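Engineer: Sharing a structure, written as structure tokens. Questions coming.
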Amino acid sequence: MSVHTPLLSLQGINKTYVMGDVLFPVLHDITLSVEAGEFVSILGPSGSGKSTLMNIIGCLDVADSGIYTIGRRAVVGLGEKDMARIRNRDIGFVFQNFQLLPRVSAIENVMLPLLYAKAPRAERMARAMAELERVGLADKAHNLPRQLSGGQQQRVAIARALVTRPRILLADEPTGALDRATGAQIMDIFRSLHEEGITIIMITHDHKVASAASRIVHILDGHLYSAEEYAALEQE
Ligand SMILES: Nc1ncnc2c1ncn2[C@@H]1O[C@H](COP(=O)(O)OP(=O)(O)OP(=O)(O)O)[C@@H](O)[C@H]1O
Ligand SMILES: [Mg+2]
């Protein structure tokens, strides 16, 4: 008999920042399960705890208490080395400000995460080119980041995030630095990645951006609400 395991599960996650003598509770009893292939957006206003939650999901920071599992693997309690391995293998990151290396070309940026995989250069190039094709940027492979528009830079960042074939694509305000039309193009790419079966978790403060996802959860003052719970809250 097999018991169903979601791809990612957070149960009762709490996080408090400590600044000197002052405790600053940010996340309260967060519970969230994400199935393989889902596209979930976490929608909330500035200061609600989105990036804090994202950092925990992305194994960049640890919760104070609660249970976090990726597949069957417990994350809370792992050491930095194991956390780094999960970040490299299981998670692809996309940030608001792209975070490309400025001095190397688009394709070199996409190849970078494969250095850890120790594949031969020709294979790394072929895989990076395939990812650039997936985001429609094969013709700009040899441009430097500054020779690309913001939307194109974000597409390079998405290709870089996917080149290691991570289990989860994590995006923190991926359209935050882009104008509306360009942001909408990035959401079209996310939607087609979702159709290809890639699991995406995206945080945003923008309702319209969030609506690209197949499921929206809301975060308010460090509390997470399903769409139904949130609608009920709004009725009060
Ligand atoms: N390292 C830290 N030390 C202390 N407090 C912090 C730290 N990081 C964040 N906070 C506080 O935690 C709260 C949540 O911050 P967080 O960055 O998670 O919000 P956010 O929802 O991502 O906001 P934004 O939409 O503006 O990016 C804020 O009040 C912030 O000031
Ligand atoms: Mg943030």
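Each residue of the sequence shown is one higher than the one before, starting from 7 at the first, in this note's numbering. Heads up, the beta-carbon is just placed ideally off N, CA and C, and yes, glycines get one too. It should be emphasised that the depicted structure is a prediction, and the values quoted were computed from it without experimental measurement.
1) What residues match up with F99 in a beta bridge as DSSP calls it?
2) Considering only heavy atoms of ligand 1, does any lie closer than 7 Å to the CB of V32?
3) Where in the region 157–217 do unbroken runs of the alpha helix (DSSP H), each at least 4 residues long, occur, reported from the N-terminal end onward?
4) Tell me which residues share the same chain as Q17 and place their Cβ nearer than 7 Å to its Cβ, disregarding the 5 neighbours each side in the sequence.
5) My understanding is that I192 touches Q160, with C-beta atoms under 8 Å, so please give their C-beta distance in whole angstroms.
6) Taking 7 Å as the cut-off, is the C-beta of M89 nearer than that to any heavy atom in ligand 1?
7) Going by the DSSP bridge assignment, what does I36 pair with across the sheet?
8) Can you list, in chain order, every residue whose CB sits closer than 6 Å to a heavy atom of ligand 2?
9) Which of the three DSSP states, helix, strand or coil, is assigned to Y236?
10) Based on Cα-Cα distance, which residue from E114, M60, E41 and E179 lies nearest to T11?
11) Leaving out five residues on either side along the sequence, give the residues of the same chain with a beta carbon under 6 Å from the beta carbon of T170.
12) Please return the same chain residues whose Cβ sits closer than 7 Å to the Cβ of D227, not counting the five positions on each side in sequence.
13) Restricting to runs no shorter than 4 residues, where is the alpha helix (DSSP H) found entirely within the region 40–73?
14) Verify the CB distance criterion: does P12 have a CB-CB separation below 8 Å to chain C?
15) Could you name the residues of the same chain whose beta carbon sits closer than 6 Å to that of G182, not counting the 5 residues immediately before and after it, in chain order?
16) In angstroms with no decimal places, state the Cα-to-Cα distance between V9 and K87.
17) Please report the distance separating the alpha-carbon of L29 from that of K21.
18) Of the residues L33, D27 and S39, which one's Cα is nearest the Cα of S15?
19) Using a 10 Å radius around the Cβ and a threshold of 16 neighbouring Cβ atoms, would you call L176 buried or exposed?
20) Just grab the DSSP bridge partners of H229 for me.
Structural biologist: So, to answer that:
1) Against the sequence shown, residue 99 aligns to sequence position 93. F99 is bridged by DSSP to L176.
2) The residue given as residue 32 occupies position 26 in the sequence shown. Between ligand 1 and V32, a heavy atom-to-CB distance of less than 7 Å is present.
3) Counting whole runs of 4 or more residues, the region 157–217 contains the alpha helix (DSSP H) stretches 186–201 and 213–216.
4) In the sequence shown, the residue the question calls residue 17 occupies position 11. These residues qualify, in order along the chain: T37, G72 and I73.
5) Start at 1 with the first residue of the sequence shown, and residue 192 comes out as number 186. Start at 1 with the first residue of the sequence shown, and residue 160 comes out as number 154. For I192 against Q160, the beta-carbon gap comes to about 6 Å, under 8 Å, which counts as contact.
6) In the sequence shown, the residue the question calls residue 89 occupies position 83. No, Cβ of M89 sits at least 7 Å from all heavy atoms of ligand 1.
7) Position 30 of the sequence shown, counted from the first residue, corresponds to residue 36. Its beta-bridge partners are I19.
8) For ligand 2, the residues with a Cβ under 6 Å from any of its heavy atoms are, in chain order, K56 and S57.
9) Counting from 1 along the sequence shown, the entry for residue 236 is found at position 230. Helix.
10) Translated into positions along the sequence shown, residue 11 becomes position 5. For T11, the nearest C-alpha among the options comes from E41.
11) By 1-based counting over the sequence shown, the position of residue 170 is 164. Answer for T170: P119, listed in chain order.
12) Stepping through the sequence shown from its first residue, residue 227 is reached at position 221. Within the same chain, D227 has close Cβ partners S54.
13) 56–63, all fully within the region 40–73.
14) This model lacks chain C altogether, as it is built from one protein chain only.
15) In the sequence shown, residue 182 corresponds to position 176, counting from 1. Residues Q102 of the same chain have their beta carbon placed closer than 6 Å to that of G182, with the five preceding and five following residues left out of the count.
16) The sequence position of residue 9 within the sequence shown is 3, counting from 1. The sequence position of residue 87 within the sequence shown is 81, counting from 1. Taking the straight line joining both Cα atoms gives about 29 Å.
17) For the purposes of this step, residue 29 is identified with residue 23 of the sequence shown, where counting begins at 1. For the purposes of this step, residue 21 is identified with residue 15 of the sequence shown, where counting begins at 1. Cα to Cα, L29 sits roughly 10 Å from K21.
18) As a first step, residue 15 is located in the sequence shown; it is residue number 9 there, counting from the start. The shortest CA-to-CA distance from S15 to any of L33, D27 and S39 is the one to S39.
19) Taking the sequence shown and counting its residues from 1, one reaches residue 176 at position 170. Its Cβ being crowded by 16 or more others within 10 Å, L176 is buried.
20) Numbered from 1 along the sequence shown, position 223 holds the residue referred to as residue 229. Answer is L226.
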